[in-house]
Amino acid sequence: MSIEHLGGYIPEGDRATWMPDIWGYLALTYDIKSVIDIGAGMGHNIRWWHDLGFDARGVEGHPIALAESPVKEIMVSHDYERGPYDPGREYDLAICTEFVEHVEQRCEQNWFATMARCKYVLMCHALPGQGGHHHVNEQLTEYWIDRFYENGFKCDWVTSCRFRETDQRQGSSWGRPTLLFFVRDP
């Protein structure tokens, strides 16, 4: 099986997508009990949720990331370029940080099938020209707002902007500057 098409991951975790301040706010404000991380890498972000007692699951396609994950027991192996993944249940929140740009545009519906099982989505994305390992779907924010709307989600722009403002402390060139928070239409 070829893995060249799979996005990269940072073995020690990505500082630009480590957001416990935002996750804690979401957990308290939206009464989050269950979380799925789409494109979880080795599972560092979802481990935060799991360690605090949340019902947590990570989805990742890269076999090395899965093999070296510190939370193998909550990780699921899935490659979204090969098809959709239905987790078989509802989740309160999907987190999806720096993932969507790694999956071909023609395969977007595959990961939207997972997000359709979630009430809320916190995501960030690469912008056109940003570059990175296997970045094949870099898009403007407006594109993602439209695509999520087509899939039954509304962007909470006020909350998204508040989250983006937290980058003033971080100074990242990815992650927080493109954060978006979506709410699924009931």
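At the far end of the sequence shown sits residue 575, using the working numbering, and the numbering has no gaps.
From the three backbone atoms N, C-alpha and C, an ideal C-beta is built for every residue, glycine too.
Quick caveat: nothing in here was measured; it's all calculated off a predicted structure.
Query, Result
"Three-state class that DSSP yields for G413 in the structure shown", "helix"
"Residues sharing a beta bridge with T486, DSSP", "C513"
"Status (buried if at least 16 other CB within 10 Å, exposed otherwise) for A445", "buried"
"Cβ-Cβ separation, V465 to G432 (assumed contact under 8 angstroms), whole Å", "About 10 angstroms; that fails the 8 angstroms criterion."
"Residues bridged to D444 (per DSSP)", "S423"
"Endpoints, beta strand (DSSP E) assigned at S466", "M464 to S466"
"V525 - containing beta strand (DSSP E), residue span", "Run containing V525: none; DSSP gives neither H nor E here."
"Nonlocal neighbours in the same chain, by C-beta distance under 6 angstroms from I435, ignoring five residues either side", "D426, A429, A445 and G447"
"Among N540, D556 and Y474, nearest to R573 - alpha-carbon criterion", "N540"
"Among H467, H439 and W407, the one whose alpha carbon lies nearest that of P360", "It is not possible to answer for residue 360, since the shown part of the chain is limited to 390 through 575."
"Three-pair Cβ contact test at 8 angstroms for the stretch 487–497 versus the stretch 542–555", "no"
"R436 - DSSP class collapsed to helix/strand/coil", "helix"
"Counted within 10 angstroms of its Cβ, other Cβ atoms place R471 as buried (16 or more) or exposed", "exposed"
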